[in-house]
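Trainee:
2 protein chains.
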Amino acid sequence: MKEKATSFDIAHIAGVSQSTVSRALNNSPLVNQETRDRVQRIARELNYKVDKNASNLRTQKSNTIALLLFEDPTSDDSMINPFFLSMLGSITRACANARYDLLVSFQNLDDDWHAEYEDSNKADGIILLGYGDYLSYRNKLSQLEEQGTHFVRWGAHDKEHPGVSIGCDNYQGGFDITEHLVKMGHRSFAFIGDAGSHAPEFMARHQGYVDALSKHGLWTEDTPQFDAISTEDSGFHAVQELLEQEALPDAIVCASDLIAMGVLKALRLSPYSVPEDVAVVGYDNIQVSGFTTPALTTVQQNTRLAGEILVNTLLKAIAKQEVHDYLMPAELIIRQSCGSDNS
Amino acid sequence: MKEKATSFDIAHIAGVSQSTVSRALNNSPLVNQETRDRVQRIARELNYKVDKNASNLRTQKSNTIALLLFEDPTSDDSMINPFFLSMLGSITRACANARYDLLVSFQNLDDDWHAEYEDSNKADGIILLGYGDYLSYRNKLSQLEEQGTHFVRWGAHDKEHPGVSIGCDNYQGGFDITEHLVKMGHRSFAFIGDAGSHAPEFMARHQGYVDALSKHGLWTEDTPQFDAISTEDSGFHAVQELLEQEALPDAIVCASDLIAMGVLKALRLSPYSVPEDVAVVGYDNIQVSGFTTPALTTVQQNTRLAGEILVNTLLKAIAKQEVHDYLMPAELIIRQSCGSDNS
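Protein sequences appear in the order of chains A and B.
Quick note on our numbering: the first sequence kicks off at 1 and runs consecutively.
Quick note on our numbering: the second sequence kicks off at 1001 and runs consecutively.
Below, the structure is given as C-alpha cells:
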C-alpha cells in the first residue's frame, strides 16, 4: 500500500512552504489564485485528504460518530417514524454524554454509503440504524469490516458479522404478548405487519406470534395476516378489510405501535369496542401509546438503553476493546387495550 | 470495466452547463427544483460519484449543517425535551431533503461554541436551537457575524441581529389561548412557567396572558404565577401547592405542554375534574397532547414547518442570498381540557 501523501509532499512538488499549502487548501486570499489552483491540483493528484483540523491530523480522531439512517422507502418523507425519532434522541444524548458530536445522514440502502466514510475523517465510527431489506446490505458490512471501519448496527445478531449487532428480542416479544392474549381467553387472531425476510424485525415478531399460537393449538394456516408497513394508514386499512370480510377476530396483534394507532382509529369508527369486542396490542412502546384510549398494551423497546449501548459499544470498538452482540430483553407493557388492566 | 461517468456526461444528457450540474448536485438554490431533480436523477442513473475531497477543495463546502443544541441545564439529562426532539427530527429531515448531513452537537451556553466552527470546515452553517438565557449569548452572535459564519437561530426577532431569527409568535399565542378561556367564562387564573427575561419564549407567552386578562379586567397583581421550568414535575408540584393553599383557579395556563402533563397528572390524583372544575391549557402541541384524557387544548408550534424554514433560510444565507426573520403565527388547537370540544 502506498503511503499517504502529506502536506509536505505537496509543498515539495509545488515549490512553496507548508503553510502556503495549508492556506491554499483553505482557499485563503493570502495566497494568489494561480498558486491556490496549482496546490489544489497537486493535492488532488496525490489523493491528499484534508483533515478537518490540526489536532485531528495528530490524533486521527474527529470526536464525531456518524449515524446512518436507512428508511423504509415507503414512509412519509416529511416526518420520521416515532421509534426512530426516539432512537435519534437517545443516540444524540448518549453521544453528548460521551462528549462526541453526532453526524446524522439519511441514506438509501442502495447507495455506496459503505465507501463514503472509508478514508474521510468525518467520523471515528458509524452507527447503522433503519428498517429495510437487511439481506441487501449484508455484503456491505463485510466491506466495512475489510476496511477496518468501526461500526455497530441496530438489529438482530448475524453469525457472519459477530459483535456488531445490538437489538431487541423480537421473537420473544412477539411470543410473550401473544401468549398473554391467549391467557386472557382470546381464541381467534389476526397479525398486521409484513412477515417477509426483508423485514427481519417484523418477521421475528410474527414468528414468535405463530409459535405462541401453535403452542396453544390456536394456529391455522388461514389465520389472517396483512403485509403492512409501519404506518397508521396500514393498520387502518387492514381493519377496514377485516370489517368488510366480517372477519374481525378476538385479538389483533400489530407489528408496531404506529400500526396499532391506525387499528384503534378504524375501530373507533366501527360499531366494535376495544377491548370488549376486540383486543389490540402493539409493539415498541412509543410515547403516545400510554395516552391512547384505551391505553395500548405493547412490547417495550427501551430506546434510551439502546442508544447508550450502541454508542458505548462503538466507543469500545474505536478504543480497540473487545465488543459483543447485545440482545435486549423484550418487556411486556400491559395496559387496557388487551382487556387486562394489570390489576 | 466501464469508464466512470463525469459531470460532463451528465451535463450533456441533461442539456445544461457543467457548472449547473455542479450546482444541482450541491443542491444550490440557484438551480430550479425541476432541473436539480433531473440532474440528480441522471447522476444516479450513471452511478456518478462526486469526488468529495476534490469537490470540497474547490467549493470549501462540507455539505453539512451543524445544529448546536443548548439545553435548559436543569432538564433531565437522560432524555431530550419532546419539543426539541420534534425539532431535531424535522431539521434532520429537512437537511436530508436538501442532501445535507446534519452535525448535532450539545453545547453549554457558556462554552466557546461560537469560535468552534470558525475556521474548521466541519459545517457550511450553523443552526442554534435551545432554551436558555438568550441575553448571555447575544454577544456571541455578534462574533459569529464578524467571522462571517452563516447561522440562523430559533427564537424571537432581535433588532441587533436582523435576518437570523425564525420563531413562533409566543406573545400572540399566550394572548389568544387566554382570551379563549375568558370567552369560555373562566374568571380566575394561574400561570405555570418562568416569566423572567432569561426565558424569552415563556416571558412572551406570559406577557400575552397578562395582556389578555388585563383587556378583560381580570388581571390582578396576586394572580398566581409559578417560576416553573418545562418539565412534568414542575407542573405537578405547582398544582400541589395550589391545592395546599386551597387556591385552585378556574383555569390554569401552562407555558408548555410538558408542564400541562404534570398538571393533569396532579389533578387526576385530586378530587377535582378537568375541565369541569378547572380548565387546563398547554403550549407547543407535542405529539402526546392529542392523546391525553381529556385531550389538551394548546398552541401549536409547527415544528415541521419550523425545521424546513430554518434549513432553507440557512441554505439561502450560505448561497449569499438575502434572508429575513420569520415569525410563525401561533395556532390555537382547541380540544377538551379547556371545557370546549370545539363544537
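For every residue, glycine included, the Cβ atom is placed at its ideal position computed from N, Cα and C.
Between which two residues does the beta strand (DSSP E) containing TYR1283 (chain B) stretch?
Mentor: Unbroken run through TYR1283 (chain B): none, as it is neither H nor E.
Trainee: GLN147 (chain A) versus chain B: which residues are under 8 angstroms apart at the beta carbon?
Mentor: None at all; the shortest Cβ gap to chain B is about 16 angstroms.
Trainee: Could you check what DSSP says for GLY1339 (chain B) in three-state terms: helix, strand or coil?
Mentor: Reduced to three states, the DSSP call for GLY1339 (chain B) is coil.
Trainee: MET1328 (chain B) by DSSP, collapsed to three states: which one?
Mentor: It is a strand residue.
Trainee: Just reading off the alpha helix (DSSP H) that THR1092 (chain B) is part of, what are its end residues?
Mentor: Per DSSP, THR1092 (chain B) belongs to the alpha helix (DSSP H) from 1082–1097.
Trainee: Please check the pair SER1155 (chain B) and SER1142 (chain B), which I expect to be a contact at CB under 8 angstroms, by giving their CB distance rounded to whole angstroms.
Mentor: Residue identity check: residue 1155 (chain B) is Gly in the sequence provided, not Ser. The pair is not a contact, with the Cβ atoms about 15 angstroms apart (cut-off 8 angstroms).
Trainee: Tell me which residue opens and which closes the alpha helix (DSSP H) that THR298 (chain A) is part of.
Mentor: Careful: THR298 (chain A) lies outside any alpha helix (DSSP H), inside the beta strand (DSSP E) at 298–300.
Trainee: Quick one: which chain A residues come within Cβ less than 9 angstroms of ILE1126 (chain B)?
Mentor: Here the premise fails: no neighbours, minimum Cβ distance about 12 angstroms.
Trainee: Rounding to the nearest angstrom, what Cα-Cα distance links ASN1056 (chain B) and SER1062 (chain B) in this structure?
Mentor: With a pLDDT of only 43 at ASN1056 (chain B), under the threshold of 50, the placement of this residue in the model should not be trusted, and no figure is reported.
Trainee: Can ILE127 (chain A) and LEU314 (chain A) be called in contact, C-beta distance under 8 angstroms?
Mentor: Yes, these two residues count as a Cβ contact at 8 angstroms.
Trainee: Rounded to a whole number of angstroms, what is the C-alpha to C-alpha distance between GLY1217 (chain B) and PRO1294 (chain B)?
Mentor: Taking the straight line from one Cα to the other gives about 29 angstroms.
Trainee: Taking PHE83 (chain A) as the reference, which of A:LEU258, A:GLU331, A:VAL104 and A:ALA266 has the closest Cα?
Mentor: Among A:LEU258, A:GLU331, A:VAL104 and A:ALA266, the Cα nearest to that of PHE83 (chain A) is on A:LEU258.
Trainee: Flag PRO1329 (chain B) as yes when its Cβ comes closer than 7 angstroms to any non-hydrogen atom of the ligand GTP, and as no otherwise.
Mentor: Inclusion of the ligand GTP in the displayed structure is not the case, the ligand content being empty and no account of it being possible.
Trainee: Chain B beta carbons: is any one of them nearer than 8 angstroms to that of ILE80 (chain A)?
Mentor: So, interface residue.
Trainee: Looking only at its own chain, which residues have a Cβ that is under 6 angstroms from the Cβ of ILE1309 (chain B), when we skip the five neighbours before and after it?
Mentor: If we look at ILE1309 (chain B) and ignore the five residues flanking it on each side, its Cβ neighbours are ILE1166 and TYR1326.
Trainee: State the DSSP-derived secondary structure class of ILE126 (chain A), mapped to helix, strand or coil.
Mentor: In this structure, ILE126 (chain A) counts as strand in the three-state DSSP scheme.
Trainee: According to DSSP, GLY1167 (chain B) sits in a beta bridge with which residue or residues?
Mentor: For GLY1167 (chain B), which the question treats as bridged, DSSP gives the partners B:LEU1327.
Trainee: Would you give the residue range spanned by the alpha helix (DSSP H) that SER62 (chain A) belongs to?
Mentor: Neither: SER62 (chain A) is in no alpha helix (DSSP H) and is coded neither H nor E.
Trainee: Using beta-carbon positions only, say whether GLY1374 (chain B) and PHE1070 (chain B) come within less than 8 angstroms of one another.
Mentor: With chain B represented from 1001 up to 1343, any question about residue 1374 (chain B) goes unanswered, as that position is not in the structure.
Trainee: With DSSP run on the structure shown, which of helix, strand or coil describes SER270 (chain A)?
Mentor: The answer is coil: DSSP assigns SER270 (chain A) none of H, G, I, E or B.
Trainee: Identify each residue in the segment 1080–1099 of chain B for which the Cβ-Cβ distance to at least one residue of chain A is less than 8 angstroms, and report them in chain order.
Mentor: Flagged, chain order: ILE1080, PRO1082, LEU1085, SER1086, LEU1088, GLY1089, SER1090, THR1092, ARG1093, CYS1095, ALA1096 and ASN1097.
Trainee: So is LEU103 (chain A) in contact with chain B if we call contact Cβ pairs under 8 angstroms?
Mentor: Answer yes: the Cβ-Cβ gap between LEU103 (chain A) and chain B drops below 8 angstroms somewhere.
Trainee: Give me the chain B residues within the contact set of GLN336 (chain A), using Cβ-Cβ distance strictly less than 7 angstroms, ordered along the chain.
Mentor: Those within 7 angstroms of GLN336 (chain A) in chain B number zero; the least Cβ separation is about 11 angstroms.
Trainee: Is the number of C-beta pairs between the segment 1087–1102 of chain B and the segment 90–104 of chain A that are closer than 8 angstroms three or more?
Mentor: Yes: the two stretches touch, three or more of their Cβ pairs being nearer than 8 angstroms.
Trainee: Report the partner residues of ILE1333 (chain B) according to the DSSP bridge assignment.
Mentor: Looking at the DSSP assignment, ILE1333 (chain B) forms a beta bridge with B:THR1298.
Trainee: Which residues share a DSSP beta bridge with TYR1252 (chain B)?
Mentor: The amino acid at residue 1252 (chain B) is misidentified as Tyr; the sequence shows Ile. Note: ILE1252 (chain B) sits in a beta bridge opposite B:ALA1190 and B:VAL1280.
Trainee: Taking contact to mean 3 or more Cβ pairs, one atom from each stretch, closer than 8 angstroms, check whether the segment 244–251 of chain A and the segment 277–286 of chain A are in contact.
Mentor: A contact exists between the segment 244–251 of chain A and the segment 277–286 of chain A.
Trainee: Would you call the CB atoms of ILE65 (chain A) and ASP124 (chain A) closer than 8 angstroms?
Mentor: A contact, by the Cβ cut-off of 8 angstroms.
Trainee: Which residue from B:THR1092, B:ALA1043 and B:SER1086 puts its Cα closest to that of LEU1400 (chain B)?
Mentor: One cannot answer for residue 1400 (chain B) here, as it falls past the ends of chain B, which runs 1001 to 1343.
Trainee: Under the DSSP definition of a beta bridge, which residues are partnered with ASP101 (chain A)?
Mentor: Answer by DSSP bridge pairing, in chain order: A:THR64.
Trainee: Give the single residue among B:ALA1255, B:GLY1262 and B:VAL1239 whose Cα lies nearest to the Cα of GLU1232 (chain B).
Mentor: It is B:GLY1262.
Trainee: For PHE1151 (chain B), which of helix, strand or coil comes out of DSSP?
Mentor: Three-state DSSP puts PHE1151 (chain B) in a strand.
Trainee: Rounded to whole angstroms, what's the CA-CA distance from ARG1187 (chain B) to GLY1339 (chain B)? Just pull it up for me.
Mentor: Roughly 14 angstroms between the two C-alpha positions.
Trainee: Please confirm if GLN287 (chain A) has its CB atom under 8 angstroms from at least one CB of chain B.
Mentor: So, interface residue.
Trainee: Which residue comes first and which comes last in the alpha helix (DSSP H) that contains ALA312 (chain A)?
Mentor: It is worth fixing the name first, because residue 312 (chain A) is Asn in this sequence and not Ala. Start and end: 303–318.
Trainee: What residues from the segment 280–309 of chain A come within 7 angstroms of chain B, judged by C-beta to C-beta, listed N to C?
Mentor: Answer in chain order: GLN287, VAL288, PHE291, THR292, THR293 and ARG304.
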